[in-house]
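S.K.: Residue numbering for the sequence shown follows the working numbering, starting at 1 and increasing by one per position.
Glycine residues also receive a C-beta, built at the ideal position from the N, C-alpha and C atoms.
Below is the structure I would like to discuss, written out as structure tokens.
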Amino acid sequence: MLVLQGQTVTGVQQFSAADSLIAGPAFTVTAEGSLTLEAGREIILKPGFHVRPGGAFHASV
Numbered sequence: 001m002l003v004l005q006g007q008t009v010t011g012v013q014q015f016s017a018a019d020s021l022i023a024g025p026a027f028t029v030t031a032e033g034s035l036t037l038e039a040g041r042e043i044i045l046k047p048g049f050h051v052r053p054g055g056a057f058h059a060s061v
């Protein structure tokens, strides 16, 4: 399990987990940011996960 919290994405970032990936709380993708999440079983977006207008977000399981 990979837990992402307390981060701000301002550029291009990618995170992968073999099983579960949890993003939040306090995880933000800025208008200039691009985030890709990949997980083998599930991706959970918790309250406090935000993508600002203009930011890019992609997820795949």
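Taking Phe-27 and Gln-13 to be in contact with their CB atoms under 8 Å, please state how far apart those CB atoms are, rounded to whole angstroms.
M.R.: About 11 Å separates the two Cβ atoms, so there is no contact after all.
S.K.: At the level of alpha carbons, what is the spacing between Pro-53 and Thr-30?
M.R.: About 8 Å.
S.K.: Report the residue from Leu-2, Ser-34, Lys-46 and Gly-55 whose alpha carbon sits nearest the alpha carbon of Asp-19.
M.R.: Selected option, being the one with the closest Cα: Leu-2.
S.K.: Report buried or exposed for Gly-11, applying the criterion of at least 16 other Cβ atoms within 10 angstroms of its Cβ.
M.R.: Label assigned to Gly-11: exposed.
S.K.: Per DSSP, which residues does Ala-56 bridge with? Please list them.
M.R.: Ala-56 pairs with Ser-34.
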